[in-house]
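Participant: Sharing a structure, written as structure tokens. Questions coming.
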Amino acid sequence: MHDNHPILENVLVLAHPNLPEAFSEASQVACFLEENGVSADYGPLYDEDLRQKAAAGEYQLLIALGGDGTILRAGHLGGPCDIPILGINLGHFGFLTEIHQTQWRTVLPSLLSGKYWLERRMMLCTEQWRGGERLGSWDVVNEVVVCRGSIMRPVHLITSLDGLYLTTYVADGLIASTATGSTAYALAAGGPILPPGLRNILIIPVAPHLSVERAIILAEGSTVSITVKTDHQAVLSVDGQIPVELEDGDRVDVYAGEHTLKFVRFQDPGYFYRNLTAHMNQNPITGIHR
Numbered sequence: 007m008h009d010n011h012p013i014l015e016n017v018l019v020l021a022h023p024n025l026p027e028a029f030s031e032a033s034q035v036a037c038f039l040e041e042n043g044v045s046a047d048y049g050p051l052y053d054e055d056l057r058q059k060a061a062a063g064e065y066q067l068l069i070a071l072g073g074d075g076t077i078l079r080a081g082h083l084g085g086p087c088d089i090p091i092l093g094i095n096l097g098h099f100g101f102l103t104e105i106h107q108t109q110w111r112t113v114l115p116s117l118l119s120g121k122y123w124l125e126r127r128m129m130l131c132t133e134q135w136r137g138g139e140r141l142g143s144w145d146v147v148n149e150v151v152v153c154r155g156s157i158m159r160p161v162h163l164i165t166s167l168d169g170l171y172l173t174t175y176v177a178d179g180l181i182a183s184t185a186t187g188s189t190a191y192a193l194a195a196g197g198p199i200l201p202p203g204l205r206n207i208l209i210i211p212v213a214p215h216l217s218v219e220r221a222i223i224l225a226e227g228s229t230v231s232i233t234v235k236t237d238h239q240a241v242l243s244v245d246g247q248i249p250v251e252l253e254d255g256d257r258v259d260v261y262a263g264e265h266t267l268k269f270v271r272f273q274d275p276g277y278f279y280r281n282l283t284a285h286m287n288q289n290p291i292t293g294i295h296r
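In our numbering, the protein residues as written are 7 to 296.
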């Protein structure tokens, strides 16, 4: 299963910005790498200088320390910059992380000797349109959600597939998710779990009212267009980030993006299902590290 990998020379180690233990662990990881002949920079996840160096192609690998939320945000950097990500789990729940905080000293030698494989995951791109004007564009790791705002009334979401009308959802919202996101909000909304390598788009309504209730799995090449009809607040949220306000008539397009997220894996490809049953049997406690 091991791919052919270039010898690692430059690695970036990023830590959850609000976890002091993550920062101290990151410095230890960087020290370990340096002692083994690999140049390593480390810092908090949103360090602008380090992010600019990553965007300029200075690193071959990104090691992220935190919970799934940290890995998700590292994906927004690593995906577009084409840098593989190794997640070290300091949180309670780890769908995206590969190794736990207690394991990295025994596992990193395998990384340095190239004994790993890269798992490739599709990212989405989403755009907000008003009239003929594109107001914004975002890269997506997990999901795009078009939903009502704080007013407790459903929104009407006119949904088209490749330019052809599909249905109008009357619901609290509509999720368009990657396979990666199928274990996130889409799962909570009752959606199916997709293997991580699938390059499909999953759409699932949130609290639909007299509408299509089932999740629909779309082919990779599909474009979903969601037009909002509402006389009250509606919003667009990408990967749980701060919502963007939508006006009546705004359209949100979602399609397979040009970037691929790459995760470093040491386990065999069957890891996903083994981990899945373990995760499903534990109820994550409040205060999960995001």
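Even for Gly, the Cβ is constructed at its ideal location relative to N, Cα and C. Just so you know, these numbers come straight off a predicted model, no measurement behind them.
If you draw a straight line from the alpha carbon of Glu54 to that of Ser33, how long is it in whole angstroms?
Facilitator: Within the sequence shown, numbered from 1, the residue matching residue 54 stands at position 48. Within the sequence shown, numbered from 1, the residue matching residue 33 stands at position 27. Roughly 18 Å between the two C-alpha positions.
Participant: State buried or exposed for Met158, treating a residue as buried only when at least 16 other CB atoms are found within 10 Å of its CB.
Facilitator: As a working mapping, residue 158 is identified with position 152 in the sequence shown. Counting Cβ neighbours within 10 Å, Met158 comes out exposed, since fewer than 16 surround it.
Participant: Who are the near neighbours of Gly196 in its chain, counting only those whose CB is closer than 8 Å to its CB and skipping five residues on each side?
Facilitator: Here residue 196 refers to the residue found at position 190 when the sequence shown is read from its first residue. So the list reads Ile210, Ala221, once near-sequence residues are dropped.
Participant: Three or more C-beta pairs closer than 8 Å, one from the region 119–137 and one from the region 250–268: is that the case here?
Facilitator: Contact holds: three or more Cβ-Cβ distances are below 8 Å.
Participant: Decide if Thr292 is buried, meaning its Cβ has at least 16 other Cβ atoms within 10 Å, or exposed.
Facilitator: In the sequence shown, the residue the question calls residue 292 occupies position 286. Caution is warranted here: a pLDDT of 45 is assigned to Thr292, below 50, making its placement in the model unreliable, and no coordinate value can be reported.
Participant: To the nearest angstrom, how far is it from the Cα of Ser143 to the Cα of Cys131?
Facilitator: Your numbering for residue 143 matches position 137 in the sequence shown. Your numbering for residue 131 matches position 125 in the sequence shown. If you take the alpha carbons of Ser143 and Cys131, they lie about 7 Å apart.
Participant: Note down the Cα distance separating Pro202 from Tyr261, rounded to an integer number of angstroms.
Facilitator: Position 196 of the sequence shown, counted from the first residue, corresponds to residue 202. Position 255 of the sequence shown, counted from the first residue, corresponds to residue 261. Rounded to the nearest angstrom, the two C-alpha atoms are 17 Å apart.
Participant: Please report how far the alpha carbon of Ile294 lies from the alpha carbon of Pro160, in whole angstroms.
Facilitator: Within the sequence shown, residue 294 is the residue found at index 288, counting from 1. Within the sequence shown, residue 160 is the residue found at index 154, counting from 1. In this predicted model, Ile294 has a pLDDT of only 43, less than 50, meaning its place in the structure is not dependable enough to derive any value.
Participant: Between Val17 and Leu67, is the Cβ-Cβ spacing less than 8 Å?
Facilitator: Taking the first residue of the sequence shown as 1, we reach residue 17 at position 11. Taking the first residue of the sequence shown as 1, we reach residue 67 at position 61. In this structure, Leu67 lies closer than 8 Å to Val17 by Cβ.
Participant: Identify every run of the alpha helix (DSSP H) within the region 85–155, keeping only runs that are complete inside it and at least 4 residues long; order them along the chain.
Facilitator: 110–118, all fully within the region 85–155.
Participant: State the DSSP-derived secondary structure class of Tyr52, mapped to helix, strand or coil.
Facilitator: Residue numbering aside, residue 52 sits at position 46 when the sequence shown is read from its first letter. DSSP places Tyr52 in coil when its eight states are reduced to three.
Participant: Among the candidates Met129, Glu40, Gly63, whose CA atom is the shortest distance from the CA of Phe269?
Facilitator: Taking the first residue of the sequence shown as 1, we reach residue 269 at position 263. The candidate whose alpha carbon is nearest that of Phe269 is Met129.
Participant: Note down, in chain order, each residue of its chain lying with its Cβ closer than 6 Å to the Cβ of Gly84, except the 5 sequence neighbours on either side.
Facilitator: Counting from one through the sequence shown, the residue named residue 84 turns up at place 78. Contacts found: Leu68, Ile91.
Participant: Run through DSSP, which three-state label would Asp47 get?
Facilitator: Counted from its first residue, the sequence shown places residue 47 at position 41. Three-state result, Asp47: strand.
Participant: Quick check: Leu71 and Val147, are their CB atoms within less than 8 Å of each other?
Facilitator: The residue you call residue 71 lines up with position 65 of the sequence shown. The residue you call residue 147 lines up with position 141 of the sequence shown. Not closer than 8 Å, so no.
Participant: Give me the residue from Val113, Thr108, Lys59 with the minimum Cα distance to Asp88.
Facilitator: If you number the sequence shown from 1, residue 88 lands on position 82. Measuring from the Cα of Asp88, the nearest candidate turns out to be Lys59.
Participant: Can you tell which of Ile232, Tyr122, Leu224 has the C-alpha that lies nearest to the C-alpha of Tyr297?
Facilitator: Since the first residue shown for the chain is 7 and the last is 296, residue 297 is missing from the structure and cannot be characterised.
Participant: Among the residues of its own chain, which have a CB less than 6 Å from the CB of Tyr277, if the five just before and after it don't count?
Facilitator: Within the sequence shown, numbered from 1, the residue matching residue 277 stands at position 271. Taken in chain order, the list of residues that qualify is empty.
Participant: Could you compute how far the alpha carbon of Ala36 sits from the alpha carbon of His22?
Facilitator: Indexing the sequence shown from 1 puts residue 36 at position 30. Indexing the sequence shown from 1 puts residue 22 at position 16. Rounded to the nearest angstrom, the two C-alpha atoms are 15 Å apart.
Participant: From the DSSP output, which residues share a beta bridge with Ser179?
Facilitator: Residue 179 sits at position 173 when you count from the first residue of the sequence shown. A small correction: the amino acid at residue 179 is Gly; Ser does not occupy that position in the sequence shown. BP columns for Gly179 point to Cys153, Val212.
Participant: Under a three-way DSSP split, which group does Ile291 fall into?
Facilitator: For the purposes of this step, residue 291 is taken as the residue at position 285 of the sequence shown. Note that Ile291 scores a pLDDT of 49, beneath 50, so its modelled location is shaky and nothing firm can be said.
Participant: Check each candidate in Ser166, His238, Pro86, Glu41 and name the one with the smallest Cα separation from Thr266.
Facilitator: What you label residue 266 is simply residue 260 of the sequence shown in a count that begins at 1. Considering only alpha carbons, the answer is Pro86.
Participant: Nearest to Glu31 by alpha carbon, out of Leu96, Tyr52, Glu15?
Facilitator: For the purposes of this step, residue 31 is taken as residue 25 along the sequence shown, with counting starting at 1. Per the Cα distances, Leu96.
Participant: Measuring straight from C-alpha to C-alpha, what distance separates Leu14 and Leu118?
Facilitator: Here residue 14 is taken as the residue at index 8 of the sequence shown, counted from 1. Here residue 118 is taken as the residue at index 112 of the sequence shown, counted from 1. Answer to the nearest angstrom: the Cα atoms are 7 Å apart.
Participant: On the DSSP bridge list, what partners appear for Leu83?
Facilitator: Taking the sequence shown and counting its residues from 1, one reaches residue 83 at position 77. Per DSSP, none; premise fails for Leu83.
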